[in-house]
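Taken in sequence, the protein lines are chains A and B. Under numbering that gives the first Met the number 0, think of the first position of the first sequence as 0, with each following residue one higher. Under numbering that gives the first Met the number 0, think of the first position of the second sequence as 0, with each following residue one higher. Glycine is no exception: its CB is placed at the ideal position from the N, C-alpha and C atoms. All figures in this text were calculated on a predicted structure; none of them were measured in a lab.
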Amino acid sequence: MSVDSHPGTIESLTPVDKKRSHREMLSMGWPQLITCLWFAVLFFYFGNVHIFYSDIWGHVSYGDWIIANQSLPQFDPFLSLAAGVPCIDAAWLSQIIFAKVNSVLGVRGLSHIFALTVFTTHVLFWFAFYLKSGRVGVSTLASFLLVVISSSRIAIIRPEIFGSLCVAVLLVIMAWSEKYDVFKSDLSRTDDLEKPQKQGAKTSVGLLFSLYLGIPLIFLAWANLHGSFVVGLAILGLQFLGRVIEVGWRTRSLIQICTDKWVRRWLIVTELSVCGALLNPYHIDLFINSLTFPRNPNLKDVLEWEPLEFRDAEGIWFCFSWVIMLVLYRHSRERVRTADVLRVGLLSLAVIVGVRMIGWFSVVFVYAMVPHLANVLPNWSQQHPGLDMAPPQKIPFWAKKSPVITAFCVLILWFGFAFSNIATPLFGGTPRKLDKIYSEGTPRQLTEFLKAHPPEGQVWNPQWWGDWLVSDGPPQMNVFMTTNAVHLAPPRVWKDYLGIARASRGWQSVAEKYNVSTLIVHKEKQVKLDEEVRRLKGFQVVYEDDLSVVVSREPALISAAKQTKEAGAKQAVKAIEADQLEPGQLEPGQIESDQEVQP
Amino acid sequence: MQTKTPFRTKLRVAGFLSFHILLVSAAICWGAVRFHSWEQQKQLPKLRLNPLQVAPLYDRPQIVSDADLARVLYRLRPQFRGKSPQINYVDHALRFWGIEATFDDPKSLSGIEMRDILLDHRRFDQVWGPEAKPLLVQNQHGIRPRVQQGLATSSHEDHTLASLAEVGTPVDYPIVTSEGETTLAAMIQESLRSFSLNQLEYEWSTLVFALYLQDSADWMTSEGQFVNFDLIADRIMRQQPTKGVCYGNHRLHALVMLLRVDDQTPILTEEGREKIIRYLKNITSMLVKTQSDEGFWDKNWDGHKLDLSSEKAFTPRARRILATGHAMEWWALAPQEVLPPAETLQKAGRWLVSSIQEMPESEIKNSYTFLSHAGRALALWRGKFPSQIDLSLQGK
Chain A
0 MSVDSHPGTI ESLTPVDKKR SHREMLSMGW PQLITCLWFA VLFFYFGNVH
50 IFYSDIWGHV SYGDWIIANQ SLPQFDPFLS LAAGVPCIDA AWLSQIIFAK
100 VNSVLGVRGL SHIFALTVFT THVLFWFAFY LKSGRVGVST LASFLLVVIS
150 SSRIAIIRPE IFGSLCVAVL LVIMAWSEKY DVFKSDLSRT DDLEKPQKQG
200 AKTSVGLLFS LYLGIPLIFL AWANLHGSFV VGLAILGLQF LGRVIEVGWR
250 TRSLIQICTD KWVRRWLIVT ELSVCGALLN PYHIDLFINS LTFPRNPNLK
300 DVLEWEPLEF RDAEGIWFCF SWVIMLVLYR HSRERVRTAD VLRVGLLSLA
350 VIVGVRMIGW FSVVFVYAMV PHLANVLPNW SQQHPGLDMA PPQKIPFWAK
400 KSPVITAFCV LILWFGFAFS NIATPLFGGT PRKLDKIYSE GTPRQLTEFL
450 KAHPPEGQVW NPQWWGDWLV SDGPPQMNVF MTTNAVHLAP PRVWKDYLGI
500 ARASRGWQSV AEKYNVSTLI VHKEKQVKLD EEVRRLKGFQ VVYEDDLSVV
550 VSREPALISA AKQTKEAGAK QAVKAIEADQ LEPGQLEPGQ IESDQEVQP
Chain B
0 MQTKTPFRTK LRVAGFLSFH ILLVSAAICW GAVRFHSWEQ QKQLPKLRLN
50 PLQVAPLYDR PQIVSDADLA RVLYRLRPQF RGKSPQINYV DHALRFWGIE
100 ATFDDPKSLS GIEMRDILLD HRRFDQVWGP EAKPLLVQNQ HGIRPRVQQG
150 LATSSHEDHT LASLAEVGTP VDYPIVTSEG ETTLAAMIQE SLRSFSLNQL
200 EYEWSTLVFA LYLQDSADWM TSEGQFVNFD LIADRIMRQQ PTKGVCYGNH
250 RLHALVMLLR VDDQTPILTE EGREKIIRYL KNITSMLVKT QSDEGFWDKN
300 WDGHKLDLSS EKAFTPRARR ILATGHAMEW WALAPQEVLP PAETLQKAGR
350 WLVSSIQEMP ESEIKNSYTF LSHAGRALAL WRGKFPSQID LSLQGK
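As structure tokens, then:
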């Protein structure tokens, strides 16, 4: 039994490195330049991601509710049709953060917190990959791979981003620990036998603190931020199990397994992490909720909870990942870690069952592949470890290092930050227009109309707009469905919702069952329903814009619509008479594009 | 060559293993206990052995005289003896006449005979023949009668069960299905398990729960929703007045039954009760306004324009008896505060009596289901159940 050193650690500790001059120390190569460029692009991209109109607004509303009531909701506070369905709010802390940011900084603040969180997450992922591979270029390639595989889930602002941040910190600590926690199998290589014992003894205090204090604290935060903490526990638990299997396989001895330092460490860290995660308002109920959540029957109809379709983008990237993995395993001479195999296996199954897990899969997959990527890809800098060791003419182009490149790196990073939206408050300039922050499909004009003319009865609305309507619509509006409460709606309500959404046969009677008095329809996504609601007996179109149409049988809304129409007509006539009507002039009820709409 | 592990090391390993196994076991046990308590929440509420009885409150001869009542009820005897009696007629007749009913007429079924057809597959088999599918079937939730699948099935969700509840069938009453013997409790439990607050027909399920449930504690449906009678009442009051079976009147009947059960054993909150009373008062004032000069109401009893586009089977008289008979029935059981003026009731009662007496025999046969409500209403306004009325008075 022994622990060997990691190739990556040797690279940075060679005597040659120590002898480098200041100039050499300040010299960077192409990999660093590409890395800086990559992160500048990522920062720019995350800073410009639109705030989607869906569940983020539900989380903001939940946060506002929690702050206002100083307690967690027992039932969904906004969906009367889900009254009596117990609610475990697994993301309460994230919701408070979102609500606070939104109340202080508005929607721009939400955009900033998203950009900063996701960017930090990717920097940490990169750092974890670097700790594993010891190579800048490989880490950047791995970071790129991760973004590509999880591309379908990367640009959505929701509490899951804090879960990703937690897993990134966890992976950094795990990658750090893996420099020490490596089980040596080939005992015949006697030259390596001494190293592990030395390294085992040299486990740094910082690492031990990170393991025994840092990781449990991560889980304490994670369990209160998002329900994905169970994925983190699985990652950690499998690290322990992997170590057990590795030691057990080689030694065939229970005593050896139990006395192995890293087996003990990972076990204790996992247990402490479970204890940390238990420090949440629901205690172990949160675990049960997180584990049983995917069994919710309503989720079968939600795209991101559907099983993997190999023809979809996620399916293609998933298959691509497996092909890469097989190729790397075939050609790499790096040891395959049992924990990595277990994690990739478990998360692959999870993705096959529910495509939503692709984000988590991409993380463990890339984390597992990094050492093999490093092993397979040629290492120019190792072939020519120092500028002084090889004649200049023989240095390949990709291995060149220069202070000029360093300057470019700094410049790229500076431009990446200076031109980002986050820098605007610091350096001045025009803040990003609200139209560029809200996603195109956000029905902002609709909620302006509804606030002016609040419906009193049951409103039927597309589920994806429900959260926005709750957040930005009139207070106490009785919405039919929200994205945030799909899992809380009784299954019959959900089925009935879908029946109306798809304008299935007899949908009118279903709407009647709920005494729906106002229907909001997404014109582009619900073409059939759009056609049918206009013919609905007793209902009239009371509002329409490019995005939505509202029909109602509420007298107040109908008369308001008539008044608006008459006022609009009079205004138009006056404008024509005065020859003032210009193309693109705002219609009555429209709002200025840059007018701040405080959710 | 393997070295022997020292005893002390073994002891330390054993201690280490025991400690961690204990720790993990404790966490698993905690989880299991909590999961079990989650599952316990889904446990069905307790049933009372005998359902609560809701007795008539008033005796008003001004609405219907003894002789008129006897004459009307005589016309509405359950003359279903013979092959293939429609199950919705049988369960309506059972609810109308009760278990105690017996008739001199050989064509009429007694209350016990009707109950047997509904609850004993052997008897059902005799009257419907072996070709007919059994009325009582087993599903994943328990035993239930087939609904809206032809003449040999019940007409509405939980209607048969509610009828059995209203006539006082105890939960341990034996029922015989094609697959074996069980008790009525199995049917009630099936209803509880399959109940959804947003199901299409919920009026009779409400009656079943109100009459059979032991206490008023919330219970969890199989959809994971805690429900209570306040929430059910809200659901009942949610729709527009005339929407629902029999122009919405069964919803009003169910609300009245909730109030009456609440009088016997609290099942509603103060606020919930007030809400129902307010709602029923509004309905009553609406009905008072829309009553015809002759005394009847029609499908459009809420005052809207009469829409006959979806009306296929019913003649104007049938529609009016349906609307008027049902309203008179729930008023007969309702507390004083939601009743209309006496004049409204008298006009409606007189119109019902004369209309039923004028009806040809064939129309009575075709309209038996809602005539049973009208007949029962008239009996209740005399403070009696129909089986307590002396039918021999009809000739006088």
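Determine, for residue i, whether the minimum Cβ-Cβ distance to residues of chain B falls below 9 Å.
| i | result |
| --- | --- |
| A:K299 | no |
| A:R263 | yes |
| A:K400 | no |
| A:C257 | yes |
| A:P489 | yes |
| A:N279 | no |
| A:L556 | no |
| A:L235 | no |
| A:D434 | no |
| A:Y513 | yes |
Tell me whether residue i is buried or exposed, calling it buried when 16 or more other Cβ atoms sit within 10 Å of its Cβ.
| i | result |
| --- | --- |
| A:W261 | buried |
| B:L160 | buried |
| A:C35 | buried |
| A:L585 | For A:L585, the pLDDT reaches just 40, beneath the cut-off of 50, and the residue's location in the model is therefore unreliable, although a value from the coordinates is still provided. It counts as exposed. |
| A:C318 | exposed |
| B:C28 | exposed |
| B:Q39 | exposed |
| A:R310 | exposed |
| A:F239 | buried |
| A:R342 | buried |
| B:F18 | exposed |
Determine the DSSP secondary structure at residue i, reduced to helix, strand or coil.
| i | result |
| --- | --- |
| A:L186 | Summary for A:L186: the model assigns pLDDT 43, below 50, so the residue's position carries little reliability; its value from the coordinates is reported in the next sentence. Coil. |
| B:K106 | coil |
| B:T268 | coil |
| A:M476 | coil |
| B:Q290 | coil |
| B:L251 | helix |
| B:R375 | helix |
| A:D259 | coil |
| B:D233 | helix |
| A:Q198 | Its pLDDT being 45, under 50, A:Q198 is placed unreliably in this model, and the value from its coordinates should be taken loosely. A:Q198 falls in the helix class under three-state DSSP. |
| A:R22 | helix |
| A:D529 | helix |
Could you tell me whether any non-hydrogen atom of the ligand ZN is closer than 8 Å to the CB of residue i?
| i | result |
| --- | --- |
| A:F124 | You won't find the ligand ZN in this model; it holds no ligand whatsoever. |
Let me check one thing: in DSSP terms, what residues is residue i bridge-paired to?
| i | result |
| --- | --- |
| A:V400 | Sequence check: residue 400 of chain A is Lys here, not Val. Paired residues: A:G28. |
| A:D542 | Reading the sequence as shown, one finds Tyr at residue 542 of chain A and not Asp. A:Y542 pairs with A:V549. |
| A:H521 | A:S547 |
| A:Y437 | A:I50 |
| B:F225 | B:M219 |
| A:Q457 | A:N477 and A:V515 |
| B:V175 | B:D119 and B:E180 |
| B:N138 | B:G141 |
| B:L212 | B:L46 |
Using a Cβ-Cβ cut-off of 9 Å, state whether residue i counts as contacting chain A.
| i | result |
| --- | --- |
| B:K9 | yes |
| B:L196 | yes |
| B:G348 | no |
| B:D217 | yes |
| B:T4 | yes |
| B:V255 | no |
| B:H19 | yes |
message: By the 8 Å beta-carbon criterion, what residues does the region 76–109 of chain A contribute toward chain B?
response: Hits within the stretch, in order: L80, A81, A82, G83, V84 and P85.
- prompt: Which residues, taken in chain order from the region 21–54 of chain B, show a beta carbon closer than 7 Å to some beta carbon of chain A?
  reply: L22, A26, W29, G30, R33, F34 and W37
message: Which residues of the region 225–252 of chain B have a Cβ closer than 7 Å to any Cβ of chain A? Give them in chain order.
response: F225, V226, L230, R237, Q238, Q239 and K242
Chain B contacts made by the region 285–319 of chain A, where a contact means CB separation under 7 Å: F286 and I287
query: Closer than 8 Å, Cβ to any Cβ of chain A: which residues of the region 127–148 of chain B, in chain order?
result: none
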